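**Student:** Below: one structure in structure tokens.
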Amino acid sequence: MQIELVVFDLAGTTVSEGGAVYRALCDTLAANGLTVTDEAIHQVKGTDKREALRVLIEQSSLRDELLPGLASIHEDFVERMMTFYRNDPSICEMPGTSDTFRQLKEHGIKVALNTGFSRTIAQTLIDRLGWERDGLIDASVTSDEVERVVRTR
């Protein structure tokens with residue numbers, strides 16, 4: 001049986017972004033008066049970021065105050081991420097990522113990306129790194145494009 005498809009995650013796997021996602025989650029919540037622990041952040045890694053914000057807020061003493069504003073809090077998070085991913089000079093692919101994608105494609109293996117990001121955030125990264133433009137990926141799936149995300153860990 002030949003491998004037909006390899007699926008890679010974005011942040012921290014194919015994209016070097018220095019933990020910006022989790023800093024942005026913390027900063028977004030801090031701007032709303034909520035401080036979260038590293039352990040709490042660890043529990044929501046890999047999940048849809050709106051869901052991550054909801055879980056972190058629900059676990060806090062500020063849940064009644066903050067949950068009604070979840071949509072606005074999520075919008076703030078998205079803006080922080082978009083600004084960072086568009087402008088920060090530290091954003092780059094992990095060493096060897098494009099070469100790995102090329103080698104897989106040379107062997108007839110499709111390359112896809114998946115992520116806990118929304119399409120808006122993911123596409124910003126994909127466009128910035130040129131993977132779609134250069135024909136290095138065949139597909140990408142984001143957390144807001146699937147009906148239900150199931151964590152396996």
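So for the sequence shown, our numbering puts the first residue at 1; every next one is plus one. Don't be surprised by glycine CBs; every beta carbon is placed ideally from N, CA and C. Keep in mind that this is a model prediction, so the values were computed, not measured.
1) Quick one: which unbroken alpha helix (DSSP H) runs of 4-plus residues sit fully inside the stretch 47-129? Chain order, please.
2) For Met1, collect the residues of the same chain with a Cβ closer than 6 Å to its Cβ; drop the 5 residues on either side in sequence, then sort them by chain order.
3) Which residue wins for smallest C-alpha separation from Ala122, given the options Thr100, Glu106, Met82, Asp134?
4) Please work out which residues of its chain come closer than 7 Å, Cβ to Cβ, to Leu10, disregarding the five sequence neighbours upstream and downstream, and give them in chain order.
5) Nearest to Gly33 by CA position, among Glu4, Gly96, Val141, Leu67, is which residue?
6) Should Ser140 go down as buried or exposed, given a rule of 16 or more other Cβ atoms within 10 Å for buried?
7) Nearest-angstrom Cα distance between Gln103 and Glu75?
**Tutor:** Let me lay it out:
1) 49-58, 63-66, 70-87, 97-106, 119-129
2) Excluding sequence neighbours, Met1 sits near nothing in its chain.
3) Comparing Cα-Cα distances from Ala122 to each of Thr100, Glu106, Met82, Asp134, the minimum goes to Met82.
4) Leu113, Thr115, Phe117, Ala122, Leu125
5) Leu67
6) buried
7) Whole-angstrom Cα-Cα distance: 38 Å.
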